[in-house]
Amino acid sequence: IHPTWERDFMKGLLPSPSSSSSNNKQPYIVGLVGMPGSGKTISGKILCDLLNENNKNDAIVLPMDGYHYSLEKLNSMNNPKDLVYRRGAPDTFDVTALKNDLHQIKYGSEDGLTCTIFDPSNVNNASDSAVVRIPGFDHAIGDPIPNVHIFDRDKHNIVIMEGLYLLHQDQYNRNDWNGVTNYFDETIYIDMELKICMERLKKRNLCLPGYTTPDEIDQRVDIVDHQNALLVQHTKHRANTIVI
Numbered sequence: 028i029h030p031t032w033e034r035d036f037m038k039g040l041l042p043s044p045s046s047s048s049s050n051n052k053q054p055y056i057v058g059l060v061g062m063p064g065s066g067k068t069i070s071g072k073i074l075c076d077l078l079n080e081n082n083k084n085d086a087i088v089l090p091m092d093g094y095h096y097s098l099e100k101l102n103s104m105n106n107p108k109d110l111v112y113r114r115g116a117p118d119t120f121d122v123t124a125l126k127n128d129l130h131q132i133k134y135g136s137e138d139g140l141t142c143t144i145f146d147p148s149n150v151n152n153a154s155d156s157a158v159v160r161i162p163g164f165d166h167a168i169g170d171p172i173p174n175v176h177i178f179d180r181d182k183h184n185i186v187i188m189e190g191l192y193l194l195h196q197d198q199y200n201r202n203d204w205n206g207v208t209n210y211f212d213e214t215i216y217i218d219m220e221l222k223i224c225m226e227r228l229k230k231r232n233l234c235l236p237g238y239t240t241p242d243e244i245d246q247r248v249d250i251v252d253h254q255n256a257l258l259v260q261h262t263k264h265r266a267n268t269i270v271i
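So the number in the working numbering is just where the residue sits in the sequence shown, counting from 1, plus 27.
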């Protein structure tokens, strides 16, 4: 994989670590957003690798995928069949836990915010604010896994969080996404063609457990993922930078 926009973009992306970190070592946080299938994960890795060249900066990529509600949680909520089928929509993520962890990464304490639900025995708290444990998502089992990614304030000056709804806002604030963007110093939107993204998803989902026939996969992408992609696409005007 060869960098395209990432190498040129990252040159002007960040101030030096000394100027981007205050006395409490506040990290520089980048939100990387795009439709499903737009290449966020690959671009996030490329950016991180470029930033870490020659150990000039200590960067880490944190995916939003780990904040999916577990299947057990979805099945305990109202209309569970609908929620499971629409999994990947804004209301199927634990946005409270996401904001909780972003707040602690940014400021070093929770200030009374509700704790992340994924692992009560290892919950992030103010007494261990130098380290924030972030959940990942295991596609082999189709569920989030606690403590997969570890942000260390003493090491990481730059955080790249990649995800679908980091620019999402709801005028009724039904899912509490409003305010997520406030944690980012820079936001980037990957403007990929919708049709290409959907075709990529159809191919990718053939390899994932829990999906059935190609026809059923195509139908779900056309109904569920297409709608989610439109929600993401409608947020691109909120990004500081749009890349193609």
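From the three backbone atoms N, C-alpha and C, an ideal C-beta is built for every residue, glycine too. Just so we're clear, the structure is a prediction, and the values are computed from it rather than from any experiment.
Euclidean distance between Cα positions of residue i and residue j
i, j, result
"L273", "T119", "The chain is shown from 28 up to 271; residue 273 falls before or after that span and cannot be answered."
"V270", "D218", "6 Å"
"M37", "D252", "30 Å"
"L191", "L257", "11 Å"
"K263", "D242", "31 Å"
"A157", "H176", "14 Å"
"H130", "V111", "28 Å"
"T268", "K126", "22 Å"
"G115", "V248", "11 Å"
"P173", "N209", "25 Å"
"K133", "H261", "26 Å"
"I144", "H95", "Caution is warranted here: a pLDDT of 40 is assigned to I144, below 50, making its placement in the model unreliable, and no coordinate value can be reported."
"E189", "C75", "11 Å"
"G71", "A86", "10 Å"
"D212", "R265", "13 Å"
"G135", "Q53", "8 Å"
"D128", "L89", "11 Å"
"R34", "N79", "12 Å"
"E99", "G39", "44 Å"
CB contact check: residue i to chain E, cutoff 8 Å
i, result
"H95", "Chain labels in this structure do not include chain E; a single protein chain is all it has."
Neighbour-count burial assignment, residue i, 16 or more Cβ in a 10 Å radius
i, result
"T240", "exposed"
"L233", "exposed"
"D138", "Because D138 carries a pLDDT of 49, less than 50, the predicted location of this residue cannot be relied on, and no value is offered for it."
"Q198", "exposed"
"I161", "buried"
"R113", "buried"
"G93", "buried"
"I168", "exposed"
"D165", "exposed"
Own chain partners of residue i with C-beta closer than 6 Å, once the 5 adjacent residues on each side are dropped
i, result
"V60", "L193, L194, Y216"
"N255", "G115, A116"
Beta bridge counterpart(s) of residue i as assigned by DSSP
i, result
"M188", "G58, L89"
"G163", "I172"
"H95", "F120"
"F178", "V159"
"I215", "L59, T268"
"R114", "A116"
Cβ neighbours of residue i in the same chain (closer than 7 Å, five flanking residues each side left out)
i, result
"W32", "V270"
"N205", "Q196, D197"
"L77", "P30, E33, R34, M37"
Same chain only: Cβ atoms within 8 Å of residue i, ignoring 5 sequence neighbours per side
i, result
"L228", "P63, G64, V248, D252"
"D245", "K229"
contact_flag[the stretch 221-232, the stretch 64-75] where n(CB pairs < 8 Å) is 3 or more: yes
The stretch 180-191 / the stretch 106-113 touching (three or more Cβ pairs under 8 Å): no
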